[in-house]
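Chemist: Chains as they are written, first to last, in the numbering used here: chain A, 23 to 302; chain B, 4 to 383. From the three backbone atoms N, C-alpha and C, an ideal C-beta is built for every residue, glycine too.
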Ligand SMILES: Nc1ncnc2c1ncn2[C@@H]1O[C@H](COP(=O)(O)OP(=O)(O)OP(=O)(O)O)[C@@H](O)[C@H]1O
Ligand SMILES: [Mg+2]
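1. Of all the options B/25, B/236, B/92, which has the alpha carbon lying nearest to the alpha carbon of residue 163 of chain A?
2. Please confirm whether any heavy atom of ligand 1 lies closer than 6 Å to the CB of residue 57 of chain A.
3. Quick check: is any heavy atom of ligand 1 less than 6 Å from the C-beta of residue 184 of chain A?
4. Mind checking which residues open and close the beta strand (DSSP E) that includes residue 72 of chain A?
5. Check for me: the alpha helix (DSSP H) holding residue 126 of chain B runs from which residue to which?
6. At what residues does the alpha helix (DSSP H) containing residue 52 of chain A begin and finish?
7. Is any heavy atom of ligand 2 found at a distance shorter than 6 Å from the C-beta of residue 276 of chain A?
8. Under 8 Å Cβ to Cβ from residue 172 of chain A, same chain only, skipping five residues before and after it: list those, please.
9. Under a CB-based cut-off of 7 Å, is residue 9 of chain B close to chain A?
10. Taking only beta-carbon atoms, is residue 235 of chain B less than 7 Å away from chain A?
11. Strictly under 7 Å for the Cβ-Cβ distance: is residue 89 of chain A near chain B by that measure?
12. Go through its chain and collect everything with a Cβ distance to residue 215 of chain B's Cβ below 7 Å, but skip five positions before and after it.
13. Taking the CB atoms as reference points, tell me whether residue 207 of chain A and residue 115 of chain A lie closer together than 7 Å.
14. Tell me, please, whether the CB atom of residue 287 of chain A is closer than 7 Å to any CB atom in chain B?
15. Would residue 40 of chain A and residue 67 of chain A be called neighbours here (beta carbons separated by less than 7 Å)?
16. Would you call residue 174 of chain B buried or exposed, if buried means 16 or more other Cβ atoms sit within 10 Å of its Cβ?
17. For residue 254 of chain B, would you say it is in contact with chain A, using Cβ-to-Cβ distances shorter than 7 Å as the test?
18. From this set, A/238, A/235, A/174, which residue's C-alpha is nearest residue 334 of chain A's C-alpha?
19. For the 8 Å Cβ check, are there 3 or more pairs between the segment 74 to 85 of chain A and the segment 242 to 254 of chain A?
20. Mind listing which residues of the segment 220 to 246 of chain A have their C-beta closer than 7 Å to chain B's C-betas, in chain order?
21. Which term fits residue 255 of chain B, buried or exposed, when burial requires 16 or more other beta carbons within 10 angstroms of its beta carbon?
22. Under 6 Å from any heavy atom of ligand 2, does the C-beta of residue 82 of chain A make it?
23. Any idea if residue 101 of chain A is buried or exposed, counting beta-carbon neighbours within 10 angstroms, 16 or more meaning buried?
24. Tell me whether residue 320 of chain B is buried or exposed, calling it buried when 16 or more other Cβ atoms sit within 10 Å of its Cβ.
25. Output, in chain order, the set of chain A residues within a Cβ distance shorter than 7 Å of residue 218 of chain B.
26. Answer with buried or exposed for residue 89 of chain B, where buried requires no fewer than 16 other C-beta atoms within 10 angstroms of its C-beta.
27. I need the DSSP call for residue 179 of chain B, collapsed to helix, strand or coil.
28. Quick check: the Cα distance between residue 312 of chain B and residue 142 of chain B, rounded to an integer number of angstroms?
29. With hydrogens ignored, establish whether the beta-carbon of residue 77 of chain A is closer than 6 Å to any heavy atom of ligand 1.
30. Would you mind stating whether residue 287 of chain B and residue 168 of chain B have Cβ atoms separated by less than 7 Å?
31. Per DSSP, what are the beta-bridge partners of residue 201 of chain B in this structure?
32. Could you tell me which chain A residues have their CB closer than 9 Å to the CB of residue 82 of chain B, listed as they occur along the chain?
33. Kindly indicate which three-state DSSP category residue 208 of chain A falls into: helix, strand or coil?
34. State the beta-bridge partners of residue 195 of chain B as determined by DSSP.
35. Relative to the C-alpha of residue 264 of chain A, which candidate in A/152, A/252, A/285 has its C-alpha closest?
36. Roughly how many angstroms lie between the CA atoms of residue 270 of chain B and residue 112 of chain A, to the nearest whole one?
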């Protein structure tokens with residue numbers, strides 16, 4: 023079993039390990055819009071960190087800042103001890119940050135398995151010569167990639183869909199395939215942007231179990247999710263954004279009772295909070 | 004392996020069975036197909052043959068389009084880069100052969116071809132490096148300009164002999180090993196025509212057959228390379244880039260590098276076709292490389308089905324062969340062609356032979372089994 027069964031860092035480190043990624047007073051402006059305003063927080067190794075906040079709070083923008091899609095206007099992102107600086111997106115991915123997208127972005131005309139293989143390829147090195155002459159490196163990497171892909175498809179309940187075009191998968195399957203593809207790049211940090219959007223409660227619960235499993239395999243997870251109850255259930259810590267500013271950070275119970283957070287969510291109580299995503 | 008559940012027998016198509024056929028059988032069938040295409044100009048089949056023009060020459064033209072279409076298919080079909088000036092690379096290849104083989108030098112033919120593909124590949128890299136970083140629409144405009152600029156440079160440059168062009172371009176070295184008779188048909192009866200023979204590999208002015216054979220050899224080589232590349236990390240990176248550049252990049256694909264690679268490969272094949280064309284023609288001038296040619300090349304790939312190498316070849320047949328076969332309607336050629344395109348866009352918008360993606364995927368599973376099988380064998 024290659025790749026997936028890393029040493030179970032999370033078990034020893036647990037929530038509260040060393041910071042894997044630090045946002046250091048990151049500001050990101052789009053013209054007049056301040057999408058992120060001096061936002062600082064750490065993601066600790068082995069934890070599941072929830073990132074919540076009302077619509078337009080800047081959650082996706084935070085993802086974009088830490089995956090290299092946008093350069094922060096000021097401030098910096100430090101990953102695994104190194105500032106991301108002006109690294110290219112694919113280089114940041116290779117450092118160990120992978121993500122999914124709020125609006126699914128699969129390679130629609132490639133099969134599910136090929137989608138995952140593209141992710142697996144990120145750590146491979148065979149190029150034109152190796153591929154043309156089917157040299158040993160190509161053979162070894164193909165074998166590894168296919169094995170990893172099957173393993174991940176299996177884990178995401180997609181084993182039977184491997185040969186189907188990604189665009190023909192159901193909505194839920196597509197969401198899971200995105201996670202499989204991201205995991206195939208063997209990230210240290212997996213960023214999920216509303217992976218359960220549009221799911222019914224049962225599907226959501228199943229996905230959260232999956233996310234916990236992913237963490238238990240040694241990954242650190244950053245999760246954007248609107249459903250408060252779910253977020254409270256699955257995360258170790260939560261960061262709350264509102265209008266681009268961080269308004270709270272802490273353990274789920276703390277966040278639940280934080281007046282600023284309650285105000286941000288219009289003072290609705292717990293039960294209504296879990297319905298939040300319906301009208302968002 | 005839970006993923007390889009056997010498919011129900013009744014659903015197995017011919018294609019599936021072909022994929023499961025033993026390797027020997029596949030090689031044999033492919034060899035026969037290749038043999039058929041090599042023999043085509045000698046067989047001279049009545050319905051296929053072109054009554055109004057030399058069949059061998061027509062076949063060479065088609066093969067030339069085929070080469071170009073295969074190259075452009077990598078750029079457009081795999082990597083999704085809209086190159087509207089592909090004729091530019093074709094011209095660079097042709098002019099390189101002309102300049103160093105006749106106008107300003109007399110290098111031997113094999114060296115000329117190597118030089119031609121080197122120069123065209125380099126021009127592809129030079130054009131691609133600054134332009135492939137910007138978004139797709141700009142690429143279309145820049146390449147369109149490139150195609151025209153190459154022609155205008157040839158037209159205005161003293162060094163390139165301006166509108167006079169280049170004559171006496173060297174032909175490939177002849178072997179003249181033996182003579183091959185062609186068949187001549189009277190209705191359904193074939194007779195061996197000893198007056199109309201083709202000397203094996205005598206690259207002369209009249210007989211187009213040896214050039215066709217040469218182009219066919221290159222087509223086969225490129226088909227093999229294309230197949231191997233497409234079904235590899237490189238091919239996947241191209242397709243991922245085409246499907247969603249940003250998602251590809253964020254999943255570790257250095258998209259710029261792969262786009263440049265596709266562009267350079269396209270330029271390589273375009274230059275090769277141009278070199279062959281110039282060697283066959285013996286003379287070239289700037290008017291040979293007008294923008295319409297780019298559009299024809301593009302039409303071949305789009306009509307055939309971008310992303311499928313067989314589609315690209317089918318498109319080359321449509322663009323290169325049909326107009327020669329049906330000279331009767333020569334006067335309305337463009338009109339008929341336009342009508343055909345219109346029909347196609349309506350009824351088969353993906354092209355005649357769109358990529359069979361699903362089936363290709365099933366191959367991945369077989370590949371894994373194959374790899375694990377050989378590995379296991381090696382260990383045992
Ligand atoms: N590319 C962009 N150009 C201009 N403005 C942008 C861009 N991306 C985001 N914004 C703005 O930045 C703010 C934060 O948007 P963001 O997408 O990060 O919110 P979000 O918290 O992810 O919201 P949602 O819950 O709706 O996904 C919004 O006001 C949005 O309009
Ligand atoms: Mg968002």
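Modeler: Quick answer:
1. B/236
2. yes
3. no
4. 70 to 74
5. 112 to 134
6. Element bounds for residue 52 of chain A: not the alpha helix (DSSP H) but the beta strand (DSSP E), 41 to 52.
7. no
8. 135, 181, 184
9. Low confidence applies to residue 9 of chain B: its pLDDT is 49, below 50, so where it sits in the model is not reliable, and the reading given next is rough at best. Chain A contact via Cβ: absent.
10. yes
11. yes
12. 44, 59, 62, 63, 66
13. yes
14. no
15. yes
16. buried
17. yes
18. For chain A, the structure presents residues 23 to 302; residue 334 of chain A sits outside this window and is missing.
19. yes
20. none
21. buried
22. yes
23. buried
24. buried
25. Per Cβ cutoff of 7 Å: no residues; residue 218 of chain B is ~21 Å from chain A at best.
26. buried
27. coil
28. 23 Å
29. yes
30. yes
31. B/183
32. Result: empty, since nearest Cβ-Cβ is about 13 Å, beyond 9 Å.
33. coil
34. B/186
35. A/285
36. 26 Å
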